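Working notes, structure below.
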Amino acid sequence: MSNRFDQLWERTGGFPGLVQSSLPPVALVAANGLWGLYPALATAVAVALAVALWRAYRGQSLRPAAGGLIGVAVSGLLAARSGEARDFFLADIAWYGVAALLLTISILIRRPLVGVVWSAIRGAGPSWRHDPASLRGYDLATAVLAVVFAIRFIVLQRLYERDEVLWLTVSKIAMNYPLWALALVVAVWAARRSDRRLAYCTAG
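Position in the sequence shown (first residue = 1) + 25 = the working numbering.
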């Protein structure tokens, strides 16, 4: 099981991926203060591209970098279209809101997404849904993840409304590590608990 989590963590970029995802918005804020919006957008895209090239040079997975580059490009287009630096964060805010909603809905329809995704990664069926304890565990893990996205949405939305570009960047980075760590711990606990229960039932 630990190998599967290691593989999943690697696909998302791991800790270096979290750090690297913070670089484009930091570059945007710094460059915006020095040269203005459009040079700042070019700088953020250049930094995201540099991250992708660095990962390629080191032979690391390009999935996180490619996703980050696309995200920065979309964010940059939104900001360039409006002429406001704060719109660089608009796509992230929208994603956090939609993700929180989808995760909540998955709990309500008894298909908690953490359980659905984990069973798909394992290539297992939906047997965990018939075990009340496993279902409750995945409900909890999915709820924690929904709260993580909801907190990020609420905080960034309020800062967006106040046009606090610097604090948008600070909050995005500051909330990254502790909130994702909490969600990961609960998800690992739920998955291990469910796998042990199902293995015991199968053996019995």
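C-beta atoms are modelled at their ideal positions from N, C-alpha and C, and glycine is treated no differently. Values in this document were obtained by computation on a predicted structure and should not be read as measured data.
Neighbour-count burial assignment, residue i, 16 or more Cβ in a 10 Å radius
i: A158; result: exposed
i: P89; result: buried
i: R80; result: buried
i: D188; result: exposed
i: A206; result: exposed
i: A77; result: buried
Whole-angstrom C-beta distance between residue j and residue i, which should lie under 8 Å
i: D117; j: L181; result: 7 Å
i: A69; j: A52; result: 5 Å
i: A208; j: L160; result: Incorrect: roughly 18 Å between the Cβ atoms, too far for contact.
Nearest candidate by alpha-carbon position, reference residue i, set the options
i: S144; options: V213, F174 and V44; result: V213
i: A166; options: V139, L184 and V76; result: V139
i: I179; options: R161, W79 and L126; result: L126
i: L128; options: D188, A75, A168 and V76; result: A168
i: A216; options: V142, W192, L204 and W205; result: V142
i: G10; options: R147, A206 and R135; result: Given a span of 26 to 229 for the chain in the structure shown, any question on residue 10 remains unanswerable.
i: Y63; options: E186, A105 and M200; result: A105
Spatial neighbours of residue i in its chain, beta-carbon cut-off 8 Å, leaving aside the 5 residues before and after
i: D156; result: S219, R222, L223 and C226
i: A98; result: V70 and A73
i: W192; result: L184
Within-7 Å CB hit, residue i to chain C
i: S107; result: You won't find chain C in this structure, because it holds only one protein chain.
Span separating the alpha-carbon of residue i from that of residue j
i: R154; j: V172; result: 22 Å
i: Q85; j: P50; result: 22 Å
i: A149; j: I176; result: 32 Å
i: S107; j: Q45; result: 26 Å
i: A110; j: V190; result: 7 Å
i: A65; j: A55; result: 8 Å
i: G101; j: S152; result: 44 Å
i: R83; j: I95; result: 20 Å
i: I130; j: V210; result: 22 Å
i: G61; j: R147; result: 48 Å
i: L204; j: I198; result: 11 Å
i: A67; j: F113; result: 12 Å
i: G93; j: L59; result: 24 Å
Other residues of its chain near residue i: CB distance less than 7 Å, five sequence neighbours each side excluded
i: D164; result: I132 and P137
i: S196; result: V180, L181 and L184
i: T194; result: P50, V51 and V54
i: L87; result: A77, R80 and A81
6 Å Cβ shell around residue i - same chain, five flanking residues per side excluded
i: L115; result: L103
i: F174; result: Y121, A124 and A125
i: N57; result: A65 and A110
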